[in-house]
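Start counting the sequence shown at 107; every next residue gets the next number (this note's numbering).
We put the beta carbon where it would ideally sit given N, CA and C, even for glycine.
None of the values given here were measured: they were computed from a predicted structure.
See below for the structure under consideration.
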Amino acid sequence: INKRIRDTTFSSLMRQEVAFFDKRSVGSITSQLQDDAAFVFAFSGEPVRTLVMNLSSVMTGITISLIYMWPFALLSLGIIPFMGFATALEMKRFLGEDEGGENTEDGRDSPSGIIVETLLNIRTVSALTLEEQRYEDYKQALTKAEGDLVKESAISGILAGLAVGIQQWVNALQFWWGGWLLFNYPTVFGFEDFLIAMFALLFSLFALGAAAQGATDKPKAEAAMGRLQFLMNRKSEIDPLSTEGKKLS
Numbered sequence: 107i108n109k110r111i112r113d114t115t116f117s118s119l120m121r122q123e124v125a126f127f128d129k130r131s132v133g134s135i136t137s138q139l140q141d142d143a144a145f146v147f148a149f150s151g152e153p154v155r156t157l158v159m160n161l162s163s164v165m166t167g168i169t170i171s172l173i174y175m176w177p178f179a180l181l182s183l184g185i186i187p188f189m190g191f192a193t194a195l196e197m198k199r200f201l202g203e204d205e206g207g208e209n210t211e212d213g214r215d216s217p218s219g220i221i222v223e224t225l226l227n228i229r230t231v232s233a234l235t236l237e238e239q240r241y242e243d244y245k246q247a248l249t250k251a252e253g254d255l256v257k258e259s260a261i262s263g264i265l266a267g268l269a270v271g272i273q274q275w276v277n278a279l280q281f282w283w284g285g286w287l288l289f290n291y292p293t294v295f296g297f298e299d300f301l302i303a304m305f306a307l308l309f310s311l312f313a314l315g316a317a318a319q320g321a322t323d324k325p326k327a328e329a330a331m332g333r334l335q336f337l338m339n340r341k342s343e344i345d346p347l348s349t350e351g352k353k354l355s
């Protein structure tokens, strides 16, 4: 599907008239051809992969826990949503997905777009003495792309504290419940059973959080699909690949 989308998009680009490229920068066009197709492919394939990984991971951990200490597993069933949420936040912090990048724009107004557009038209920039203007545009784009560092740092710290806090409270509940079972039913459950049941669920939740981070952002994929559909459905005013029209005899 990725190859078909890229081929169709490139063919649609080749059919557009010259005025189409005059209104759009080279950076936005190449970014659209490269990134949008990858977004659509990732969003169409990753949800299935993520669902299979989540279900298999959680079911394996719950099955092992039920075999070795079923009361502990029943308690863990109620706290899996909280642990999954906390683990996803922690994995997001470790992978750096919560560090800026939200205000970065693609295309003409992005820092990379300004550099590409300036270098491709360096003769025009030099002839019109626009070096200082392009430099100022680049600095403004960098400042805009950085975003509010204080706000982002505060949010990152709050999410990190929330993730650790939830995990610690859940671990405390699990240790208390496991200790209560070992104290009141020493002939039924052993300390080894408790460790196996707890760590089986713990490692399954780690895999759950890691798999959740592989999912592509849905709004970005929808925006990418919208841009691709617009390009593929756009009818060029002057189609160089068309075989219709008058021909010289």
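Within its chain, find whatever has a CB closer than 7 Å to the CB of I107; leave out the 5 residues flanking it on each side and keep chain order.
F147 and S150
Considering only the alpha carbon of each residue, which of I173, A247, I135 and A144 lies closest to S216?
A247
Are the beta-carbon atoms of L183 and I168 separated by less than 8 Å?
yes
Simplified DSSP assignment, three categories, for V294:
coil
Measuring CA to CA, which of T349, G284, E343 and S348 is closest to V124?
E343
Just how far apart, CA to CA, sit L236 and F126?
24 Å
Considering only residues of the region 241 to 316, which uninterrupted beta strand (DSSP E) runs meet the minimum length of 3 residues and lie entirely inside it, listed in chain order?
Runs of the beta strand (DSSP E) spanning 3 or more residues and lying entirely within the region 241 to 316 do not occur at all.
Check whether L288 and F295 have beta carbons under 8 Å apart:
yes
Roughly how many angstroms separate the alpha carbons of M304 and E258, rounded to a whole number?
The alpha-carbon atoms of M304 and E258 are separated by roughly 35 Å.
Enumerate in chain order the residues of its own chain whose CB-to-CB distance from F87 is below 7 Å, with the five nearest sequence positions on each side excluded.
The question about residue 87 has no answer, for the chain in this structure spans 107 to 355.
How is the alpha helix (DSSP H) around E223 delimited, first residue to last?
P217 to L226
Can you tell which of T230, L279 and T115 has its C-alpha closest to the C-alpha of A144?
T115
Which of the three DSSP states is assigned to E343 in this structure?
DSSP places E343 in coil when its eight states are reduced to three.
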